[in-house]
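Engineer:
Protein chains: 2
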Amino acid sequence: MRKSIAIDMDQVLANFYKKMAVTYNAAFQTNLTEEEFLQTTLGDLDPADATKFFAIINEPDFFRDLEVLDADSIEVVRELNERFDVYIATAAMDVPGSFNAKYDWLREHFPFLNTQNYVFCGNKAVINTDYLIDDSPRQLTAFKGQGILYSMPYNAEVEGFVRVRGWREIGEYFDIVLKI
Amino acid sequence: MRKSIAIDMDQVLANFYKKMAVTYNAAFQTNLTEEEFLQTTLGDLDPADATKFFAIINEPDFFRDLEVLDADSIEVVRELNERFDVYIATAAMDVPGSFNAKYDWLREHFPFLNTQNYVFCGNKAVINTDYLIDDSPRQLTAFKGQGILYSMPYNAEVEGFVRVRGWREIGEYFDIVLKI
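Top line first, the protein sequences correspond to chains A and B. Read in our numbering, the first sequence has 135 at position 135, and its numbers run on one by one without any break. Read in our numbering, the second sequence has 156 at position 156, and its numbers run on one by one without any break.
#1: At a CB distance below 8 angstroms, what residues from the stretch 108–129 of chain B approach chain A? Give them in sequence order.
#2: Apart from the five residues just before and just after B/PHE174, which ones in its own chain have a Cβ nearer than 7 angstroms to its Cβ?
#3: Please state whether DSSP places B/GLU35 in a helix, a strand or coil.
#4: Is B/PRO137 close to chain A, meaning its C-beta is less than 8 angstroms from at least one C-beta of that chain?
#5: May I ask you to list the residues that DSSP assigns as paired with A/SER4?
#6: Is A/LYS52 close to chain B, meaning its C-beta is less than 8 angstroms from at least one C-beta of that chain?
#7: So, B/GLY122 versus B/ALA91, is the Cβ gap smaller than 8 angstroms?
#8: Identify the residues that DSSP records as bridge partners of A/THR90: which are they?
#9: How is the alpha helix (DSSP H) around A/TYR173 delimited, first residue to last?
#10: Report yes if the CB atom of B/ASP130 is closer than 8 angstroms to the CB atom of B/GLY145, and no otherwise.
#11: Take the Cβ of A/MET1 as the centre, count every other Cβ of all protein chains shown within 10 Å, and call the residue buried at 16 or more, exposed below.
#12: Using a Cβ-Cβ distance cut-off of 8 angstroms, determine whether A/PRO96 contacts chain C.
#13: Can the beta-carbon of A/PHE120 be found closer than 8 angstroms to that of A/MET93?
#14: Mind checking which residues open and close the alpha helix (DSSP H) that includes B/VAL22?
#15: Tell me, please, whether the CB atom of A/ASN100 is closer than 8 angstroms to any CB atom in chain B?
#16: Below 9 angstroms on C-beta distance, what does A/LYS144 contact in chain B?
#17: Tell me the rounded alpha-carbon separation between A/ASP61 and A/THR23.
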């Protein structure tokens with residue numbers, strides 16, 4: 001029986017922080033760099049700022065034009081999709097305004113994936129796959145299978161997970177050799 | 001550890017067929033009764049009709065005003081939610097236009113459920129709960145836990161599943177005694 005892999009979207013496939021940095025600076029008249037944002041998570045915002053910022057990213061188009069985080073992901077996910085049941089598992093319930101933008105983004109950038117394998121959820125304890133690739137230690141802890149932590153500055157101190165730095169390393173973990 | 005239950009939406013919580021019958025008759029100038037529709041599934045439509053009909057039900061508001069299928073569901077789901085981790089698992093990827101209507105419908109009719117436990121998916125093989133209550137034998141076969149078939153005329157001939165007829169029976173299955 002084929003094994004299965006669930007893949008998170010934001011900060012694993014899609015570059016959320018790059019647009020978030022620009023958007024946040026505009027909304028709060030700050031001048032923080034993308035690198036400074038990458039030391040923090042949205043949970044670090046004070047409550048009033050968080051409410052305002054979530055309203056902005058909940059706009060229907062916010063997630064539609066995010067860049068692909070790592071160009072290698074296209075080829076690696078395509079290869080994985082040949083050998084595994086690949087699901088996309090994104091915590092979209094935090095930003096219900098994003099549903100259609102996320103759906104359309106996946107159709108554009110990963111058109112070879114089956115839309116029946118998209119999962120818009122909250123708590124990833126509900127995901128029944130052999131592997132989950134995610135940047136969130138909280139979600140990987142809730143998940144019942146083998147977690148793979150997508151390395152980001154804000155999770156650099158976290159221990160106890162298999163850690164991968166980019167999609168080339170994910171390919172290596174699953175014995176995929178990139179052609180380029 | 002608490003056990004977990006996933007609950008389908010259409011034709012388990014929401015009365016999809018009642019609105020579908022009216023909508024279909026208007027679109028195709030037919031005069032079929034709700035009972036006649038309940039002998040069939042959308043998979044029985046010929047391809048051209050299916051394309052046209054899916055475009056209609058994919059309109060953003062189609063799923064927003066469905067009636068609650070069985071009034072007992074409110075109390076039973078509330079009781080289940082006290083004792084189990086209750087998830088809502090709906091095959092929304094068939095009708096991506098429905099995402100926000102389904103989210104808002106759940107917020108209105110089952111406001112006590114945690115939105116983090118909503119799952120909009122396709123193939124329910126990905127759902128990791130102990131139970132799944134669903135009207136689709138195909139989804140229950142894909143699901144890895146204990147399936148519970150919500151009885152409908154179009155699945156009446158299917159054998160091999162625990163079958164429940166309405167939410168009072170679901171309550172009994174989980175030892176819940178309704179107060180009314």
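All C-beta atoms in this analysis are idealised placements derived from N, C-alpha and C, irrespective of residue type, glycine included.
Structural biologist: Looking at the atomic coordinates:
#1: ASN114, THR115, GLN116, ASN117, TYR118, VAL119, PHE120, CYS121, GLY122, ASN123, ALA125, VAL126, ILE127, ASN128 and THR129
#2: LEU80
#3: helix
#4: no
#5: A/ASP85
#6: no
#7: yes
#8: A/PHE120
#9: 167–173
#10: yes
#11: exposed
#12: The chain labelled as chain C is not found among the protein chains of the depicted structure, namely A and B.
#13: yes
#14: 16–28
#15: yes
#16: ASN128
#17: 13 angstroms
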